[in-house]
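Read through the structure below, which is laid out as structure tokens, and then see the notes.
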Amino acid sequence: MVKAGTIHAIGAGILICEIQQNSNCTYRMYDYDRRDKFGNKRELHVDKALDVVDTKRYVPYESSSNAYDEALNEAAATIEADSSEGQLLVSCKYFECYKHDISDSVSINVDTASFRSVIFTEGCGTIRVGEDVKAYKAGDSFYITKTVEIEGNGVAIVTKV
Numbered sequence: 005m006v007k008a009g010t011i012h013a014i015g016a017g018i019l020i021c022e023i024q025q026n027s028n029c030t031y032r033m034y035d036y037d038r039r040d041k042f043g044n045k046r047e048l049h050v051d052k053a054l055d056v057v058d059t060k061r062y063v064p065y066e067s068s069s070n071a072y073d074e075a076l077n078e079a080a081a082t083i084e085a086d087s088s089e090g091q092l093l094v095s096c097k098y099f100e101c102y103k104h105d106i107s108d109s110v111s112i113n114v115d116t117a118s119f120r121s122v123i124f125t126e127g128c129g130t131i132r133v134g135e136d137v138k139a140y141k142a143g144d145s146f147y148i149t150k151t152v153e154i155e156g157n158g159v160a161i162v163t164k165v
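So in this note's numbering, the last one in the sequence shown is 165, and the numbering has no gaps at all.
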């Protein structure tokens, strides 16, 4: 997890699955001479970025506090209660994010309180809600509001808001 205000880079050939609180704000300090759709170098925002950068020592999220361990234990209990197989990636006040390794099928349970975002990062198969079946492949994403059955092989990143 990269915390807000942390300077980070995404170089060529890197694929990221970015899950974040909604924000229309990105400041570029360097852009590897990338070009926009018109062939122009993209605008840099060095001064604005320096105004909001977090200069405190970086502590990886996994070891930053006991609260993380407590969230892990709570989420693990939730996974067991839902009889879903998934690995908690991160839990914060805005969302919870799980990784599901799919080797045959997995159910993603959705309650009426929210929806789920499902992003397939590997593999292919089908996602089923009742009689409605859609094919998926790596790179596809879905918003789901009802419990679904995912069949196939691959990896799904599931986010609960």
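Note that CB positions come from ideal geometry on N, CA and C, so glycine has one too.
Item                                                                                                        : Value
Proximity below 7 Å, CB of G9 to CB of V57                                                                  : yes
DSSP state of A53 mapped onto helix, strand, coil                                                           : helix
Sequence-distant residues of the same chain with beta carbon closer than 8 Å to Y34, five excluded per side : A13, L48
Contact belief for K164 with F99 at Cβ below 8 Å, rounded distance in angstroms                             : 6 Å
Residue interval of the beta strand (DSSP E) (run including T103)                                           : The sequence shown places Lys at residue 103, rather than the Thr named in the question. From DSSP, the beta strand (DSSP E) with K103 extends over 100-106.
Beta-bridge partners of L19, as assigned by DSSP                                                            : Paired residue(s): none; L19 is not in a bridge.
Proximity below 7 Å, CB of G158 to CB of I112                                                               : no
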